[in-house]
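Read through the structure below, which is laid out as structure tokens, and then see the notes.
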Amino acid sequence: MPQLIQRTELKSFYYTPVHCPFCGERVMGADPVDETRITACPHTLFIAHDTAFEYRSTRLDANLQLEGLSEREVEARWRADKQGIDGFTDKVRLADAIKVAAYAPAPSAYGSYYGFAPTE
Ligand SMILES: [Zn+2]
């Protein structure tokens with residue numbers, strides 16, 4: 003069975019742009035006109051925050067058995083997990099997958115999560 007995703011937490015760099023560790027593509031905030039635009043590269047597994055997925059790749063859906071589910075069903079799935087999107091995405095099993103977690107400054111502590119894995 004492939005290893006669990008490796009989780010890396012950025013301590014104080016919520017506003018640091020996140021780039022794919024495999025190709026260097028900036029996956030969010032690269033568009034100066036629309037900083038919320040997602041520019042997922044082929045290695046991006048998911049982009050999420052504490053209340054929703056912003057982006058899910060087909061590899062993520064296959065890995066976490068989310069294929070064919072509606073957005074509402076996906077949300078019910080991770081909420082049922084009781085560990086939030088952060089805990090839910092910790093269950094990804096893919097060789098050399100990496101997850102970056104970044105938090106807004108306290109007291110909000112709002113989290114953003116980025117998952118990447120090499121392409122086969
Ligand atoms: Zn990439």
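Just so you know, our numbering puts 7 at position 5 of the sequence shown, and the rest follows in order with no gaps.
Just so it is clear, CB atoms sit at the ideal spot from N, CA and C, and this is done for glycine as well.
Compute the beta-carbon to beta-carbon distance between Arg95 and Gln5, rounded to the nearest angstrom, for a pair I have assumed lies under 8 Å.
Sequence index remark: in the sequence shown, residue 95 carries index 93 (1-based). Sequence index remark: in the sequence shown, residue 5 carries index 3 (1-based). About 7 Å; that satisfies the 8 Å criterion.
From what residue to what residue does the beta strand (DSSP E) around Leu12 run?
On the sequence shown, residue 12 is found 10 positions in, with the first residue counted as 1. It spans Gln8 to Leu12 - the beta strand (DSSP E) in which Leu12 sits, taken as one unbroken run.
What are the start and end residues of the beta strand (DSSP E) that includes Gly117?
Taking the first residue of the sequence shown as position 1, residue 117 is located at position 115. Counting along the chain, the beta strand (DSSP E) containing Gly117 begins and ends at Gly113 to Phe118.
Assuming contact is defined by CB atoms lying nearer than 8 Å, are Phe48 and Thr91 in contact in what I supplied?
For the purposes of this step, residue 48 is taken as residue 46 along the sequence shown, with counting starting at 1. For the purposes of this step, residue 91 is taken as residue 89 along the sequence shown, with counting starting at 1. Result yes, Cβ atoms of Phe48 and Thr91 sit closer than 8 Å.
List the DSSP bridge partners of Arg28.
Counted from its first residue, the sequence shown places residue 28 at position 26. In the DSSP output, where bridge partners are listed per residue, Arg28 has His21.
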